[in-house]
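Numbering (this note's numbering), first residue to last: 1 to 175.
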């Protein structure tokens with residue numbers, strides 16, 4: 001009986017060590033890949049925020065994860081801008097116009113990112129890069145929408161985050 005308990009324990013310990021080594025190797029792949037981008041810290045933080053990235057062993061796979069994260073961020077920013085536009089808080093004010101433009105820009109950005117995702121399996125990397133760059137422009141358009149209305153941007157932090165994430169997608173697809 002002691003022999004089978006010891007065997008079970010050793011089998012469990014070995015399986016745990018192999019799982020830990022596998023996760024560490026996948027994390028090292030992410031770090032190595034991200035260190036080749038222009039935004040290594042953001043890349044590592046972004047990709048490791050999605051547990052699925054630890055199961056990825058290709059740069060294309062990491063690009064899909066980065067695109068998924070950027071899509072969610074663009075959609076969230078667009079929904080926020082639309083909610084602020086519709087809230088009534090800024091009715092008739094220049095901010096309302098800016099929020100409307102931001103909602104539109106981020107809707108387009110999310111569409112560009114989805115299109116970029118569809119280009120990856122077809123190995124159309126140049127098209128995917130262009131689309132990620134166009135999505136990044138959406139954040140800049142939003143920021144500019146406030147400036148065009150001569151008001152302080154109420155989305156600067158969001159615009160920077162989404163712009164950086166789209167830039168990260170461009171870097172990984174370009175890789």
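From the three backbone atoms N, C-alpha and C, an ideal C-beta is built for every residue, glycine too. In this text the structure is predicted, and so the values were computed from the model without any measurement.
Which of helix, strand or coil does DSSP assign to residue 44? helix
Can you tell me which of the three DSSP states residue 88 falls into? coil
Tell me the DSSP secondary structure of residue 65 in three-state form. helix
Quick check on DSSP: helix, strand or coil for residue 35? coil
With distances taken Cα to Cα, identify the nearest neighbour of residue 29 among 67, 61, 81. 61
Tell me where the alpha helix (DSSP H) around residue 154 begins and ends. From DSSP, residue 154 is part of no alpha helix (DSSP H); its letter is neither H nor E.
With a cut-off of 8 angstroms, do at least 3 Cβ pairs link the region 148-161 to the region 74-83? yes
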